[in-house]
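A.B. asks: Structure in structure tokens, see below.
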């Protein structure tokens, strides 16, 4: 009887592993993955993951006061890679209008990604200061850029930088 119970238990364990959902597997980030994002009013803020350079604003009396270094954790790097991978960035034109309207002042978003030996850049210049679009593809791009910029602005390194001298409405 013990023998049959062990066989039954072994079969149950093997079948339970066979039904595992692969979508929960950790994201495998390519070794050469890096990105840079420029965002904000006129594109005054930026981050480059290859160098770790995080810039709060370029619109200041002394812009060097608004530069710091930040290295993504492995978890953050995997998270950002997953966001960007979901965009299929290669399907976007280099100069892109996410169809979110116009505003004054305007916003600029520039996302450059290096992955698997390929560099892709998408520029959305002079767009509305809104992360909302009626176009699904435009909304996806805006949402990813917002998510990455929010992650960067939540870091202690960003918060340690001085307040911006120029505030835009």
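In my numbering, the protein residues as written are 4 to 172. Even for Gly, the Cβ is constructed at its ideal location relative to N, Cα and C.
1. Using 8 Å as the cut-off, can you tell me whether the segment 103-116 makes contact with the segment 27-43, which would need three or more C-beta pairs spanning the two stretches below that distance?
2. What three-state label does DSSP hand residue 126 in the structure shown?
3. Restricting to Cα atoms, I'd like to know which of 58, 125, 107 is closest to residue 141.
4. Using DSSP bridges, identify the partner residues of residue 38.
5. In the DSSP output, what is residue 50 paired with across the bridge?
6. Whole angstroms is fine: what's the gap from residue 54's alpha carbon to residue 74's?
7. With 16 other CB atoms within 10 Å as the buried threshold, where does residue 15 fall?
8. Quick one: give me the first and last residue of the beta strand (DSSP E) that residue 71 is part of.
9. Identify every residue that forms a DSSP beta bridge with residue 121.
10. Quick check on the DSSP output: the alpha helix (DSSP H) that includes residue 150 runs from which residue to which?
C.D. replies: So, from the listed chains and residues:
1. yes
2. Taking the chain shown and counting its residues from 1, one reaches residue 126 at position 123. Strand, per DSSP.
3. For the purposes of this step, residue 141 is identified with residue 138 of the chain shown, where counting begins at 1. Of the candidates 58, 125, 107, the one whose C-alpha sits nearest the C-alpha of residue 141 is 125.
4. Position 35 of the chain shown, counting from 1, holds the residue named residue 38. Residue 38 pairs with 116.
5. Taking the chain shown and counting its residues from 1, one reaches residue 50 at position 47. In the DSSP output, where bridge partners are listed per residue, residue 50 has 40, 57.
6. Residue 54 sits at position 51 when you count from the first residue of the chain shown. Residue 74 sits at position 71 when you count from the first residue of the chain shown. Roughly 8 Å between the two C-alpha positions.
7. Taking the first residue of the chain shown as position 1, residue 15 is located at position 12. No answer about residue 15 holds up, because its pLDDT of 33 lies below 50 and its placement is not dependable.
8. For the purposes of this step, residue 71 is identified with residue 68 of the chain shown, where counting begins at 1. From DSSP, the beta strand (DSSP E) with residue 71 extends over 70-72.
9. Residue numbering aside, residue 121 sits at position 118 when the chain shown is read from its first letter. Residue 121 pairs with 118.
10. Looking up residue 150 in the chain shown gives position 147. First-last of the alpha helix (DSSP H) with residue 150: 139-156.
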